[in-house]
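Input: a single structure, listed below in structure tokens.
Chains as they are written, first to last, in my numbering: chain W, 18 to 345; chain Z, 20 to 42.
Shown next, in the form of structure tokens:
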């Protein structure tokens, strides 16, 4: 099941979905981002969408949307040219519904992630002068508290929440370690080096089960092998007490499918990836195999894939700005 | 490979590591 919209721009960089509150009512809205404009779309009848707010960027281009769960009146975006230079909050003043932007952070921003309970974690700088900060927003997004986490002695590459443990946060580093923080105290709990065969991996999601951490990694540089085909995602089990790890599941493409990981998103137990072939592939991490393949539509390769934060929909984007919404 | 290779497991790993880590 699909619908489409054209944000009338040729430089689509990201898409997201969130609940947006207007006049006391929350609606499931779509956010589209191009380099110079971010738009908020509200649903109309018969799966049509209407653009309700637009924020323009003339100086620094938009790189990505940073979804922050549990916020209903604010969108966070990262701006920069190749590297992230700013994080901004996009909101509307309550009186006249006029769009405005607030600078949240600037500098050499290496990684960021929106967390449950209206929190945003970001890291700036490299290992010797690295600062890791949590911003907590008020319900209306108007004010914020700030807290620092103890930095590790390695540069953070990505962050990942631990499903079911709101006070735990994972980070991956540029030299192939996984670190764990206690968000309540800011303590750095553990640094665990994982096998070098996982190098340059990105951690998308983590789950705590039976005393073990299960983490989902993607492999942008993984090579095809005869035994495993084309690996795209990997599920790894780590014992946080001993820092020992073992591979549990390798998500490879079905035979006959070509391509490597380009970008992807993991929600609950489903993982979606855009492949270099322009196809989107979806894996069920519980079943352990690829459950759906979405070939390019209208001869246009896919360039973006995101799970909706509001329901079980998949948002698929093409470079020309068209967004397709699929029910999974 | 098996999770038995990972050493002793603690269901309260988060609390245990928090009590051991520097503040």
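The C-beta atom is built at its ideal place from N, Cα and C for all residues, glycine as well.
Determine, using beta carbons only, whether residue i and residue j come nearer to each other than 8 Å.
i: residue 79 (chain W); j: residue 50 (chain W); result: yes
i: residue 37 (chain Z); j: residue 206 (chain W); result: yes
i: residue 320 (chain W); j: residue 335 (chain W); result: yes
i: residue 48 (chain W); j: residue 92 (chain W); result: yes
i: residue 11 (chain W); j: residue 223 (chain W); result: Residue 11 (chain W) lies beyond the stretch modelled for chain W, which goes from 18 to 345, so this question has no answer here.
i: residue 83 (chain W); j: residue 94 (chain W); result: yes
i: residue 221 (chain W); j: residue 181 (chain W); result: no
i: residue 90 (chain W); j: residue 52 (chain W); result: no
i: residue 131 (chain W); j: residue 85 (chain W); result: yes
i: residue 310 (chain W); j: residue 323 (chain W); result: no
i: residue 33 (chain Z); j: residue 185 (chain W); result: yes
i: residue 255 (chain W); j: residue 292 (chain W); result: no
Quick one: Cα of residue i to Cα of residue j, how far?
i: residue 35 (chain Z); j: residue 316 (chain W); result: 54 Å
i: residue 306 (chain W); j: residue 172 (chain W); result: 33 Å
i: residue 30 (chain W); j: residue 139 (chain W); result: 20 Å
i: residue 36 (chain W); j: residue 193 (chain W); result: 35 Å
i: residue 66 (chain W); j: residue 275 (chain W); result: 34 Å
i: residue 19 (chain W); j: residue 343 (chain W); result: The pLDDT assigned to residue 19 (chain W) is 49, lower than 50, so where the model puts this residue is not dependable; a value taken from the coordinates is nonetheless given after this. Taking the straight line from one Cα to the other gives about 5 Å.
i: residue 134 (chain W); j: residue 160 (chain W); result: 14 Å
i: residue 303 (chain W); j: residue 114 (chain W); result: 44 Å
i: residue 340 (chain W); j: residue 32 (chain W); result: 8 Å
For residue i, which residues in the same chain have their Cβ closer than 7 Å to its Cβ, ignoring the five residues on either side in sequence?
i: residue 259 (chain W); result: none
i: residue 203 (chain W); result: 164, 165, 166, 167
i: residue 144 (chain W); result: 170, 171, 172
i: residue 236 (chain W); result: 218, 248, 249, 251, 278
i: residue 327 (chain W); result: 34, 35, 36, 45
i: residue 308 (chain W); result: 299, 300, 301
i: residue 158 (chain W); result: 88, 90, 91, 106, 108
i: residue 264 (chain W); result: 251, 253
So which of the options has the shortest CA-CA distance to residue i?
i: residue 110 (chain W); options: W:70, W:234, W:182; result: W:70
i: residue 116 (chain W); options: W:108, W:122, W:123; result: W:108
i: residue 257 (chain W); options: W:324, W:227, W:147; result: W:227
i: residue 318 (chain W); options: W:88, W:253, W:264, W:295; result: W:295
i: residue 54 (chain W); options: W:74, W:63, W:40; result: W:74
i: residue 72 (chain W); options: W:302, W:81, W:57, W:309; result: W:57
i: residue 262 (chain W); options: W:132, W:195, W:284; result: W:195
i: residue 270 (chain W); options: W:102, W:283, W:298; result: W:298
i: residue 142 (chain W); options: W:155, W:178, W:103; result: W:103
i: residue 40 (chain Z); options: W:225, W:199, W:323; result: W:199
i: residue 98 (chain W); options: W:87, W:88, W:81, W:114; result: W:81
i: residue 7 (chain W); options: W:100, W:156, W:149; result: Absent from the structure is residue 7 (chain W), since the part of chain W shown begins at 18 and ends at 345.
i: residue 285 (chain W); options: W:225, W:43, W:96; result: W:225
Within the continuous beta strand (DSSP E) that includes residue i, where are the two ends?
i: residue 144 (chain W); result: No beta strand (DSSP E) holds residue 144 (chain W); DSSP gives it neither H nor E.
i: residue 248 (chain W); result: 248–256
i: residue 341 (chain W); result: 340–344
i: residue 283 (chain W); result: 278–284
i: residue 332 (chain W); result: 330–335
i: residue 35 (chain W); result: 29–39
i: residue 267 (chain W); result: 261–269
i: residue 64 (chain W); result: Unbroken run through residue 64 (chain W): none, as it is neither H nor E.
i: residue 108 (chain W); result: 100–109
i: residue 150 (chain W); result: 148–154
i: residue 231 (chain W); result: 229–235
i: residue 290 (chain W); result: 287–292
i: residue 321 (chain W); result: 319–324
What does a CB cutoff of less than 6 Å around residue i pick up in its chain, not counting 5 residues either side in sequence?
i: residue 268 (chain W); result: 249, 250, 300
i: residue 151 (chain W); result: 136, 138, 164
i: residue 329 (chain W); result: 345
i: residue 191 (chain W); result: 172, 174
i: residue 283 (chain W); result: 221, 222, 233
Assuming residue i is part of the alpha helix (DSSP H), what are its boundary residues?
i: residue 36 (chain Z); result: 32–39
Once the 5 residues before and after residue i are set aside, which same chain residues still bring their CB inside 8 Å of it?
i: residue 162 (chain W); result: 152, 153
i: residue 201 (chain W); result: 184
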